[in-house]
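A.B. asks: According to the numbering used here, the residues represented by the sequence shown are 32 to 275, in order.
Ideal Cβ placement from N, Cα and C applies to all residues, glycine included.
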Amino acid sequence: MEEAMTTEPEPPVRPTVHRTGAPLLPPVIAYAALTIAALVVPAAMSGEPPWTSDAHLLGFFRDHAAAAHASAFFTFGAALPFAVATAVATSRLRTLGLDVPGRMIALIGGAIASALLSLSGLATFALTQPHVADSPPVVRGLYGLSFAAGGPGFVAFSGLFLAGVSIAALVGGVLPRWLGWAGLTIAVVCEVASLSVAFTDLEVLLPVGRFGGLLWLVAIGALLPSTRRELRERRGITRAGDER
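1) For LEU150, count neighbouring C-beta atoms within 10 Å of its own C-beta (all shown protein chains included) and say buried if the count is 16 or more, exposed if not.
2) Going by beta carbon distance, what residues of the same chain come within less than 8 angstroms of VAL228, once the five residues before and after it are set aside?
3) Rounded to the nearest angstrom, what separates PRO132 and GLY203 at their Cα positions?
4) By the DSSP assignment, the alpha helix (DSSP H) with HIS100 in it spans what residues?
5) Please report the Cβ distance between LEU248 and VAL59, rounded to the nearest whole angstrom; I am assuming they are in contact, meaning their Cβ atoms lie under 8 angstroms.
6) Between the Cα of LEU138 and those of LEU215, SER189 and ILE217, spot the shortest distance and give me the residue it belongs to.
7) Do you know whose CA, among THR155, LEU158, VAL163 and SER145, lies nearest ALA114's CA?
8) What is the DSSP secondary structure of GLU79, reduced to helix, strand or coil?
9) Please name the residue, chosen from TYR174, MET135 and VAL235, that lies closest to HIS100 on a Cα-to-Cα basis.
10) Report all residues from its chain with a CB closer than 6 angstroms to the CB of GLY214; omit the five preceding and five following residues, and keep chain order.
11) Report the residue from ALA164, LEU111 and THR155 whose alpha carbon sits nearest the alpha carbon of ILE143.
12) In angstroms with no decimal places, state the Cα-to-Cα distance between ALA120 and ARG265.
13) Here's the rule I'm using: 16 or more other beta-carbon atoms within 10 Å means buried, otherwise exposed. How should PRO161 be labelled?
14) CB LEU254 to CB LEU206, shorter than 8 angstroms?
15) Would you mind giving the Cβ-Cβ distance between HIS95 and SER77, rounded to the nearest angstrom? I have them listed as a contact below 8 angstroms.
16) Over what stretch of residues does the alpha helix (DSSP H) that includes SER197 continue unbroken?
17) Return the CA-CA distance between ARG134 and SER166, expressed in angstroms with no decimal places.
18) Would you kindly work out how many angstroms separate the C-alpha atoms of ALA97 and GLY108, rounded to a whole number?
19) Cα separation between ALA103 and LEU127?
20) Out of ARG259, ILE251, LEU236 and LEU129, state which residue places its alpha-carbon closest to the alpha-carbon of PHE185.
21) Check HIS87 in the structure and name its three-state DSSP category.
22) Which same chain residues end up closer than 7 angstroms to VAL223 when comparing Cβ atoms and leaving out the 5 residues on each side of it in sequence?
What follows is the structure, given as C-alpha cells:
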C-alpha cells in the first residue's frame, strides 16, 4: 500500500528566459570614441596634422613619434569594437529571422573592414620605430599602406557592411525605412570613395563615407531590435500609435 501511495515529485518548473543576446550599442560607442580619438589626440599632441605635404610627412614622423604612436594605438583599437559590432549586428539579423544574403555580405564586409583598419594602425605603429623615419622611401611606403588600408580599403568594405545590414533590415522591416535607405546611400558613397585608389579627386568622399557610416552605426546600435519579441512589441506600439 505504501508503495502504491508513493508518488514521484514533480520536476521543478523552470522560468522562461528571454534571450536578448549581446548588446550592440557599447561596441559601437567604443568604436566611435576610438575613431575620433585617433584624429583628435595626435593633432592635439603635435599641433599639426601629418598629411599636409610630402616633405611635412617625413618631418611629422621624425619629430612627433609620440603623436604617431597615439594615432596607431587608437586606430588599431578601433578595429576591435568594430569587429564586435559586426558580429553582434549580423547575429541579431539572424535572430530576427533574416538569414538572407545581405546578412552574410554584412558579416564578410565588416570582418574585412576591421582587418584593414587594424592593418592601418599596425603600419602606422611601424612608422614610430627607431630610425624608420630616417628613411624617406620607407616612410612613404608605410604611410601609403596605412592610408590605403584605413582609407579606401576600410571604406569599401565597411560600405558592404552598411549595404548588407540595410538591405536585410529593409526586407524584414526591422529598422525605420528612412534609416535603411540612409544606410544604402552612405554605402554607395563609400563604394564611390573607394575608387580614389584610381581617381585621387574622389578622396574628398572618404571622410563622408567613413563618418557618415559611423553616425549610421550609432543609430542602428540604438534602434536594431535584439529579439523577435522586442520587434513585435515595437510594431504593436507603432500600429497602436497609427490607429490613434
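C.D. replies: In this structure, then:
1) buried
2) ALA179 and PRO183
3) 13 angstroms
4) 96 to 126
5) 5 angstroms
6) SER189
7) SER145
8) coil
9) TYR174
10) LEU193, SER197 and TRP247
11) LEU111
12) 18 angstroms
13) exposed
14) yes
15) 4 angstroms
16) 185 to 203
17) 44 angstroms
18) 16 angstroms
19) 37 angstroms
20) LEU236
21) helix
22) LEU233 and LEU236
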